[in-house]
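First residue of the sequence shown? That's 3 in the working numbering, and the numbers climb one at a time after it. Glycine included, every Cβ here is placed at the ideal spot set by N, Cα and C. Below you'll find the structure, written out as structure tokens, and then a few comments.
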Amino acid sequence: MLSLKNTRFYSDVIKELNYPFADVYIFEGYVLSEIKEGVVFSWEDHAKKMAEDVAEFAQTDGSELVYLSHRIHSYSLKPMDWLYFYKNSFSLRGYGVIGYNSFSFLNTVIENLFFNKKIRRFNDLETAIQWAESKVLVNINE
């Protein structure tokens, strides 16, 4: 479970945002986050700042972006907070979770109750990035 920084994909990052609670990597058309160990991730304390910063940099409400959650650390989140994401006029083209254990995938079952699209699950970073890039290409060709 390597951080994105330690992979060949890091060279494609166009902007890196570092917070005390997460590292966020912005690519052309998609965003990847790595939430830090032990964080209880919420809209008000974490996601709002991330969404605003990404939206400002990418000059979008997110509807053209794919979000990848690279779950290399153990943390928890408040799945109901997805409601705040939409209430604040943010959107996503797609959402993928890269998990390396069954617990990270169990969380996506609960998240899917509050996320208005299907959450894609991946066992490895490369497959997730290929999927995100294919979603970006679909957007370009539309």
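Determine the direct distance from the alpha carbon of residue j to that of residue i, and round the result to whole angstroms.
i: K80; j: A60; result: 25 angstroms
i: L67; j: G96; result: 7 angstroms
i: I16; j: P22; result: 20 angstroms
i: D55; j: E128; result: 25 angstroms
i: W133; j: K120; result: 14 angstroms
i: N20; j: K137; result: 25 angstroms
i: I37; j: S93; result: 20 angstroms
i: D14; j: F29; result: 6 angstroms
So, at 8 angstroms on beta carbons, what are the nonlocal neighbours of residue i in its own chain, with the 5 sequence-adjacent residues on each side left out?
i: S35; result: A24, D25, V26, Y27, M52, Y69, L70, S71 and H72
i: Y102; result: M3, R73, I74 and N125
i: R122; result: G96, Y97, G98, V99, A130 and W133
On the three-state DSSP scale, how would you describe residue i?
i: R95; result: coil
i: N20; result: strand
i: D14; result: helix
i: D25; result: strand
i: Y32; result: strand
i: H72; result: strand
i: L4; result: coil
i: V42; result: strand
i: S65; result: coil
Give the single residue among the options whose Cα lies nearest to the Cα of residue i.
i: S76; options: M82, E39, I121 and A130; result: E39
i: G64; options: V33, L139 and S44; result: V33
i: F43; options: D14, L94, S78 and E135; result: S78
i: E135; options: D14, R10 and G31; result: G31
Does residue i pass the burial test, meaning 16 or more other C-beta atoms within 10 Å, or should it be called exposed?
i: D47; result: exposed
i: L139; result: exposed
If I measure Cβ to Cβ from residue i and keep anything under 6 angstroms in the same chain, skipping five residues before and after, which residues do I get?
i: E18; result: Y27
i: Y12; result: L6
i: W45; result: D83 and Y86
With a threshold of 7 angstroms on Cβ separation, who are the neighbours of residue i within its own chain once the five nearest residues in sequence on each side are excluded?
i: N8; result: none
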